[in-house]
Each structure stands twice: as structure tokens, then as C-alpha cells.
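Undergrad:
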Amino acid sequence: MIDALIIGAGPVGLSMAIGLTRQGLNYRIIDMGTGPVPESRAIGIQARTLEMLEMAGVVEPFIEQGHPLRGFILHGPEGRQLGSLSFEHIKSRYPFILALPQNDTERILTEHLRRLGVQVERLTKLLSFRQDQDQVTAQIQRPDGGIEDVTCQWLLGCDGIHSRVREVLALQFPGKTYDLRFILADCHAEMELSDDHAHGFAHRTSLVAIFPLGHARHRLVAADPPACFDWQRKPTLAEWQELVDARASVPIRLSEPKWTTFFRVQCRLVDRLKRGRVFVLGDAAHVHSPALAQGMNTGMQDAWNLGWKLGLVRKGLAKPELLDSFEAERLPVERRVLDITDFTQNVVGATDRFRQAARDLLAPLFTRSVAVQRRISLIVSELGVNYHDSPIVEDHHLPHGPKAGQRAPDAIVAGRDGMPVHLMPLLGRNHVLLTVDADLSSPALKEIAQDYAGIVDVQALTIDAAGTSVYGNTPAFYLIRPDGHVAFRCGAQHPELLRAYLGRMLAVAGVSQLQHA
Ligand SMILES: Cc1cc2nc3c(=O)[nH]c(=O)nc-3n(C[C@H](O)[C@H](O)[C@H](O)COP(=O)(O)OP(=O)(O)OC[C@H]3O[C@@H](n4cnc5c(N)ncnc54)[C@H](O)[C@@H]3O)c2cc1C
Numbered sequence: 002m003i004d005a006l007i008i009g010a011g012p013v014g015l016s017m018a019i020g021l022t023r024q025g026l027n028y029r030i031i032d033m034g035t036g037p038v039p040e041s042r043a044i045g046i047q048a049r050t051l052e053m054l055e056m057a058g059v060v061e062p063f064i065e066q067g068h069p070l071r072g073f074i075l076h077g078p079e080g081r082q083l084g085s086l087s088f089e090h091i092k093s094r095y096p097f098i099l100a101l102p103q104n105d106t107e108r109i110l111t112e113h114l115r116r117l118g119v120q121v122e123r124l125t126k127l128l129s130f131r132q133d134q135d136q137v138t139a140q141i142q143r144p145d146g147g148i149e150d151v152t153c154q155w156l157l158g159c160d161g162i163h164s165r166v167r168e169v170l171a172l173q174f175p176g177k178t179y180d181l182r183f184i185l186a187d188c189h190a191e192m193e194l195s196d197d198h199a200h201g202f203a204h205r206t207s208l209v210a211i212f213p214l215g216h217a218r219h220r221l222v223a224a225d226p227p228a229c230f231d232w233q234r235k236p237t238l239a240e241w242q243e244l245v246d247a248r249a250s251v252p253i254r255l256s257e258p259k260w261t262t263f264f265r266v267q268c269r270l271v272d273r274l275k276r277g278r279v280f281v282l283g284d285a286a287h288v289h290s291p292a293l294a295q296g297m298n299t300g301m302q303d304a305w306n307l308g309w310k311l312g313l314v315r316k317g318l319a320k321p322e323l324l325d326s327f328e329a330e331r332l333p334v335e336r337r338v339l340d341i342t343d344f345t346q347n348v349v350g351a352t353d354r355f356r357q358a359a360r361d362l363l364a365p366l367f368t369r370s371v372a373v374q375r376r377i378s379l380i381v382s383e384l385g386v387n388y389h390d391s392p393i394v395e396d397h398h399l400p401h402g403p404k405a406g407q408r409a410p411d412a413i414v415a416g417r418d419g420m421p422v423h424l425m426p427l428l429g430r431n432h433v434l435l436t437v438d439a440d441l442s443s444p445a446l447k448e449i450a451q452d453y454a455g456i457v458d459v460q461a462l463t464i465d466a467a468g469t470s471v472y473g474n475t476p477a478f479y480l481i482r483p484d485g486h487v488a489f490r491c492g493a494q495h496p497e498l499l500r501a502y503l504g505r506m507l508a509v510a511g512v513s514q515l516q517h518a
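When you read off a place in the sequence shown, starting at 1, and then add 1, the result is the number in our numbering.
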């Protein structure tokens with residue numbers, strides 16, 4: 002029996018696979034398609050996803066091949082600027098949205114997996130499955146048409162919007178399909194507008210937006226195309242040029258179309274993310290407007306949340322109930338993403354005069370307020386994702402620093418040889434106990450380090466010359482989960498609180514006592 006069977010090798014299934022490889026699990030990943038998607042689809046990678054990729058050891062090719070977008074400018078009808086959003090407020094090593102077509106994202110992740118020794122089994126389809134208390138038996142169809150039964154501990158449904166996994170589980174997928182239609186084009190756009198910003202043109206019919214992708218490529222999206230556009234065939238470049246001439250307030254010359262299409266948007270969320278030994282993640286669990294580029298990012302972070310939990314449970318280092326926290330943590334996040342993208346689509350893509358007037362009035366006010374810009378940046382970048390209500394985090398008040406449940410920001414720690422190194426790349430596999438101004442030679446800390454060796458790595462924060470850090474300078478312990486969120490924090494004078502938390506959450510290394518508890 003294998004540990005896990007991943008259904009789907011889109012960005013979410015591939016991220017899941019990377020997470021499971023880091024945890025040393027024995028799994029298979031299948032996809033009924035021939036390879037990465039041929040189209041660009043999702044083009045925006047958010048700062049928190051880039052941090053996730055850094056923890057996973059694969060961020061470099063993304064940064065090399067992607068194109069950083071530093072903000073969004075909303076242009077008014079007569080060429081005047083209505084408002085703008087600057088991503089400089091994103092407090093991360095990645096203060097931008099990285100524009101990169103989804104086919105490149107899938108290619109980079111697939112190549113990374115190949116280097117790790119994992120091959121996606123293509124043209125292999127999940128037909129059905131059944132589960133009992135101990136295992137899942139999945140029926141898959143191989144490329145030669147043969148049927149195979151695969152038994153696994155867990156089945157992970159990363160199989161997209163038409164998920165077979167969701168269907169077999171009979172999960173509800175309530176929501177709506179918007180009336181509004183969109184058209185999309187990937188082409189070259191010659192224009193005198195900054196190439197490191199996305200641009201929106203607020204026209205009285207509706208919005209047209211342009212996203213530079215680098216390498217002389219651009220993504221264009223327009224809401225509510227004129228009635229002359231025919232749903233039965235792809236929009237032509239000439240039709241697109243006409244639409245842009247009518248709606249954009251600056252000259253834009255289009256050429257070299259690579260992909261044009263129509264789409265409509267749905268807004269749906271499953272009622273459960275887990276049933277027994279089976280999970281749904283990504284588009285299989287949630288779909289919504291592409292406004293704010295959240296869909297793929299949210300799905301990839303679903304996978305990052307689940308991977309380490311499966312690893313600990315598989316090794317007998319945590320109780321199986323830890324897996325229930327996946328739904329407790331991710332479902333509220335997904336609900337908020339649906340709400341915020343629904344709101345954004347209604348405001349930015351407004352087609353009626355009243356909402357357009359409200360948008361055009363509010364845009365300059367938003368632009369001037371640093372507080373609003375910071376708040377929007379926190380939401381869009383997904384750095385604000387917080388599990389403070391999770392049953393598996395514990396906070397003991399400290400005057401500074403991230404609270405339990407919040408993202409653990411990058412910091413400088415003392416590396417093996419005492420040289421300063423970044424914290425972020427050290428995350429992603431084990432828990433990390435970040436000590437702030439604590440006595441590393443204290444018997445209590447030494448005992449914890451020894452008992453949890455191989456599960457918890459101890460790292461000492463380096464406080465900069467000014468004596469400051471995002472973690473404050475009060476002596477403290479921050480226990481950081483492998484997904485880069487703070488699991489627990491307390492003052493360094495209370496190692497017994499840390500010890501008690503670890504005892505509840507994790508088994509002592511080598512002794513699978515929790516399995517027998
Ligand atoms: C036209 C378009 C534009 C988009 N633009 C954006 C955007 O700008 N920003 C954004 O964030 N998102 C965008 N999205 C959405 C984004 O593409 C998805 O959120 C993302 O692809 C979800 O990833 P996933 O891995 O969950 O699902 P998918 O990418 O759909 O992958 C699912 C995989 O599962 C496989 N599969 C399905 N059923 C089975 C089965 N029974 N057996 C085996 N394999 C199976 C499929 O072959 C597929 O490879 C867009 C989508 C479309 C279609």
C-alpha cells in the first residue's frame with residue numbers, strides 16, 4: 002500500500018507532490034491529460050506563494066522566468082489616472098505579483114519533481130474509489146486502457162473544477178455562475194505604458210485590463226464584450242483591436258495573438274474538504290473570479306498546508322486528528338477568498354453607471370491612503386492568511402512579533418557556522434523553534450532539542466545592530482510549522498509551556514507514543 006495517491010497534476014497536485022516528497026512519503030501522482038496545460042490561464046503568483054516556493058526549494062526558476070508587476074493603475078476615460086495600487090507595501094522579500102503563465106508554472110514544478118525522482122503518470126485517469134477505516138482503494142485507468150486498483154492511506158483530489166473525487170464523495174458545491182461574460186487574449190501589446198504595472202481602463206461599458214507578462218507578451222481581459230462577439234468561435238485579433246480602441250484611453254497596438262478565448266466565472270465552495278481518508282484541494286474545492294489572481298495561489302497553499310500534516314501522521318509523530326485541522330484552517334480562508342473576489346469583480350468590473358460612479362469616486366481616496374494600500378496588499382499577496390482560530394495553534398501574549406496562526410516572516414538567524422542566514426529557506430520540512438534572546442545552553446531547551454531531534458530544528462534569531470526584529474527583542478520562543486505559520490509562542494522564561502504544547506501535538510522522536518495514546 003502506498004501512502005497517498007494524488008489525482009491531478011495541475012499546479013495544486015504538483016505542489017502537493019513536492020510537499021509529500023519533502024516529507025519522505027511514498028506516493029503516486031496521476032493525470033488524465035498529456036502534459037502541462039497548453040494555455041497561460043493563471044498568470045499571477047502572489048508573494049506568499051513565492052515564499053512557499055522558497056520553503057520548497059524551487060523559487061529561483063520562478064524569479065528568473067517571471068516578470069514582477071509592481072502595482073496596478075486604473076485609468077479613467079480621458080487618459081487621466083483614477084487610482085493606483087502599489088505593491089511596495091507588500092512586506093516580503095517578494096514585493097510584487099510575479100507574472101508567469103500557468104503552463105510555465107506547471108513546467109517548472111514538473112521539472113523540479115523530475116529532479117526529485119518523481120514522474121507524473123500521464124494519460125491515467127481516476128474512475129472511482131471506495132474507502133474504509135484503514136485505506137482507500139482507487140480504480141484507475143492506465144494509458145493502455147487497463148484498469149488497476151491502487152490502495153493507499155489517503156486520496157488527494159487535486160482534479161480541478163469538474164472533480165471526480167468531489168463527485169464520488171458526493172460533496173455539495175453550492176454557488177453561482179455570474180451573468181457577466183469575459184474575453185481573454187494573450188498577445189503582444191505595443192503601448193506607452195509602464196511595463197512593470199498592470200493597467201485597467203474604466204470605460205462606460207466595462208473594464209479592459211492589460212497585464213504585461215515580460216518577453217513582449219501581454220494578457221488582456223475585458224468584461225462584457227459587445228454583442229457582436231460570437232461565443233461559438235474564438236475572438237479574432239481584429240475584434241480585440243476594435244474593443245481596445247473603443248475602451249482604452251491611450252493608443253494600444255495589438256499583434257501576435259497566441260491564445261484568445263471567452264469565459265464565464267463561477268463562485269463555488271465545497272461544504273467539506275475532507276471525508277474520511279479523502280481530501281479535495283484547489284479548484285476541486287473552490288472556484289471564483291480571477292479578479293486579484295487568487296485561485297491558483299489559494300489552491301497551492303491548500304497543498305502546502307496539508308503536506309506536512311500527512312508527513313507527521315504517516316510517521317506516527319502526530320495523531321490522525323491533526324488532519325482535521327486542514328479543513329478547520331483552510332475552509333475559512335477559502336470562504337474569505339470567495340467573498341473578496343466577488344466584491345472586487347462587482348466593483349472593478351462594474352457595468353452599471355451607479356457602481357461605476359462609486360468606483361471612480363473611491364479610487365483616488367484609496368490611492369491616497371497608505372493604510373488602505375497596506376490592507377489591500379496584505380489581502381492580495383495572501384501574506385495576511387492567518388490561522389489564529391485553528392485548534393492546533395497556541396498563543397501566549399508577547400509585546401511584539403507575529404501571533405500564533407500568523408505567517409512567520411523572514412528574519413536572519415545564526416547558521417550552522419554562526420554566519421547569518423535567512424530563516425525562510427530553513428522552513429518547509431521540520432518544525433523550527435526560533436529562539437529570541439534565549440539561553441541556548443539552558444537544560445530545558447537542550448532537553449527539548451534532544452527529545453525532538455529530527456522533528457524540531459532550533460534556530461537562534463540574530464537581532465540587528467539597532468536591536469530590532471519583526472520578532473521583537475523580548476526573550477521568546479516561536480515554534481514555526483513546516484508551512485511557515487507560527488504554531489506556538491511564549492516568553493523564553495516559560496519553556497514548560499512549550500514542552501507541554503509539543504507533548505500534546507508531537508510525539509517524541511523515535512517513540513510513536515501518540516499512535517498508542
Ligand atoms: C481561461 C482561464 C483563465 C484563468 N485565469 C486565472 C488567473 O488569471 N488567475 C488565477 O489565479 N486563476 C486563473 N484561472 C484558474 C486557474 O487556472 C486555476 O485556479 C488552477 O488551474 C487550479 O489548479 P488545480 O491544480 O486545482 O486544477 P487544474 O489546473 O484544473 O488541474 C486539474 C488536473 O486534474 C486532472 N484531472 C481531472 N480529472 C481527473 C481524473 N479523473 N483523473 C486524473 N486526472 C484528472 C486534469 O487533467 C488537470 O491536469 C484561470 C482558468 C481558466 C480556465
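The beta carbon of each residue, even a glycine, is placed where N, CA and C say it ideally should be.
In terms of residues, what are the limits of the beta strand (DSSP E) holding histidine 423?
TA: Its beta strand (DSSP E) spans residues 421-423.
Undergrad: Hey, quick one: how far does the alpha helix (DSSP H) through histidine 113 stretch, first residue to last?
TA: For histidine 113, the enclosing alpha helix (DSSP H) covers residues 103-116.
Undergrad: Taking the alpha-carbon positions, what's the alanine 203 to valine 373 distance?
TA: 21 Å
Undergrad: Can you find a heavy atom of ligand 1 that lies under 6 Å from the Cβ of alanine 304?
TA: No, the Cβ of alanine 304 stays beyond 6 Å of every heavy atom of ligand 1.
Undergrad: In terms of residues, what are the limits of the beta strand (DSSP E) holding isoleucine 31?
TA: 28-31
Undergrad: On the criterion of 16 or more Cβ atoms from any shown chain inside 10 Å, does leucine 366 qualify as buried, or is it exposed?
TA: exposed
Undergrad: Nearest to alanine 405 by CA position, among Asp411, Ile393 and Val371, is which residue?
TA: Ile393
Undergrad: Would you mind reading off the limits of the beta strand (DSSP E) that contains threonine 262?
TA: From DSSP, the beta strand (DSSP E) with threonine 262 extends over 253-270.
Undergrad: What does the alpha-carbon distance come out to for the pair arginine 265 and serine 290?
TA: 9 Å
Undergrad: Measure from the alpha carbon of leucine 462 to the alpha carbon of each residue in Arg182, Thr237 and His423, then state which is nearest.
TA: His423
Undergrad: My assumption, with CB atoms under 8 Å, is that proline 175 sits in contact with alanine 100. Please give the rounded CB distance.
TA: The Cβ separation is near 32 Å, so there is no contact.
Undergrad: Suppose the cutoff is 6 Å on Cβ atoms and the five residues either side in sequence are ignored; what does the same chain contact list for arginine 248 look like?
TA: Within its own chain, the residues whose Cβ lies closer than 6 Å to the Cβ of arginine 248, once the five positions on either side in sequence are excluded, are Phe202, His204 and Val209, listed in chain order.
Undergrad: Rounded to whole angstroms, what is the Cα-Cα separation between proline 78 and phenylalanine 230?
TA: 23 Å
Undergrad: Going by DSSP, which residues form a beta bridge with threonine 368?
TA: DSSP, once it has assigned bridges, lists no residue as partnering threonine 368.
Undergrad: At a cut of 8 Å, does the region 24-36 reach the region 108-122 through at least three beta carbon pairs?
TA: As far as the Cβ criterion goes, the region 24-36 touches the region 108-122, which means the pair count is three or higher.
Undergrad: Should glutamine 514 be labelled buried (16 or more other beta-carbon atoms within 10 Å of its own) or exposed?
TA: In this prediction, glutamine 514 has a pLDDT of 45, which is less than 50 and means its spatial position is unreliable; nothing more can be read from the coordinates.
Undergrad: Taking the DSSP output, what are the residues bridged to lysine 177?
TA: Partner(s): Cys268.
Undergrad: Just how far apart, CA to CA, sit aspartate 197 and lysine 235?
TA: C-alpha of aspartate 197 to C-alpha of lysine 235: approximately 28 Å in a straight line.
Undergrad: Determine the direct distance from the alpha carbon of leucine 339 to that of aspartate 180, and round the result to whole angstroms.
TA: 17 Å
Undergrad: Suppose contacts are defined by Cβ-Cβ distances below 7 Å. Is arginine 189 in contact with alanine 217 by that definition?
TA: Residue identity check: residue 189 is histidine in the sequence provided, not arginine. Contact flag set, yes.
Undergrad: How is proline 39 classed by DSSP in three states: helix, strand or coil?
TA: coil
Undergrad: Please name the residue or residues paired with glutamate 191 in a DSSP beta bridge.
TA: Arg254
Undergrad: Does the Cβ-Cβ distance between leucine 428 and methionine 56 come in under 7 Å?
TA: yes
Undergrad: Which whole-angstrom value describes the C-beta separation of leucine 384 and tyrosine 453, a residue pair presumed to lie in contact below a C-beta threshold of 8 Å?
TA: Not quite, the Cβ-Cβ distance comes to about 28 Å (not below 8 Å), so this is no contact.
Undergrad: Taking the alpha-carbon of aspartate 4 as reference, which of Asn27, Val13 and Gly20 has the nearest alpha-carbon?
TA: Asn27
Undergrad: Which residue comes first and which comes last in the alpha helix (DSSP H) that contains valine 314?
TA: 296-315
Undergrad: Grouping DSSP H, G and I as helix and E and B as strand, with all else coil, what is tryptophan 1?
TA: Nothing can be reported for residue 1, as the shown portion of the chain is limited to 2 through 518.
Undergrad: Threshold first: 4 residues or longer. Then list the alpha helix (DSSP H) segments lying entirely within the region 196-248, N to C.
TA: 238-248
Undergrad: Just to check my reading of the structure: isoleucine 30 and valine 137 have Cβ atoms closer than 8 Å, yes? What is that Cβ distance to the nearest angstrom?
TA: The Cβ separation is near 15 Å, so there is no contact.
Undergrad: Nearest-angstrom Cα distance between leucine 128 and glutamine 154?
TA: 18 Å
Undergrad: Is there a C-beta anywhere in chain D that falls below 7 Å from the one on leucine 311?
TA: Annotation note: the requested chain D is absent from the structure, which comprises a single protein chain.
Undergrad: Does DSSP put threonine 352 in a helix, in a strand, or in coil?
TA: coil
Undergrad: Please identify the residue among Val348, Val151, Val169 and Ala412 whose C-alpha is closest to the C-alpha of alanine 285.
TA: Val169
Undergrad: Do valine 13 and glycine 588 count as a contact pair if the criterion is CB distance below 7 Å?
TA: Since the displayed the chain opens at 2 and closes at 518, residue 588 lies outside it and no answer follows.
Undergrad: Have a look at His76, Tyr95, Glu89 and Arg71 and flag the residue whose alpha-carbon is nearest the alpha-carbon of glutamate 61.
TA: Tyr95
Undergrad: If you reduce the DSSP assignment to three classes, tell me which class alanine 10 lands in.
TA: Look at alanine 10 here: in three-state DSSP terms it is coil, with no helix or strand label.
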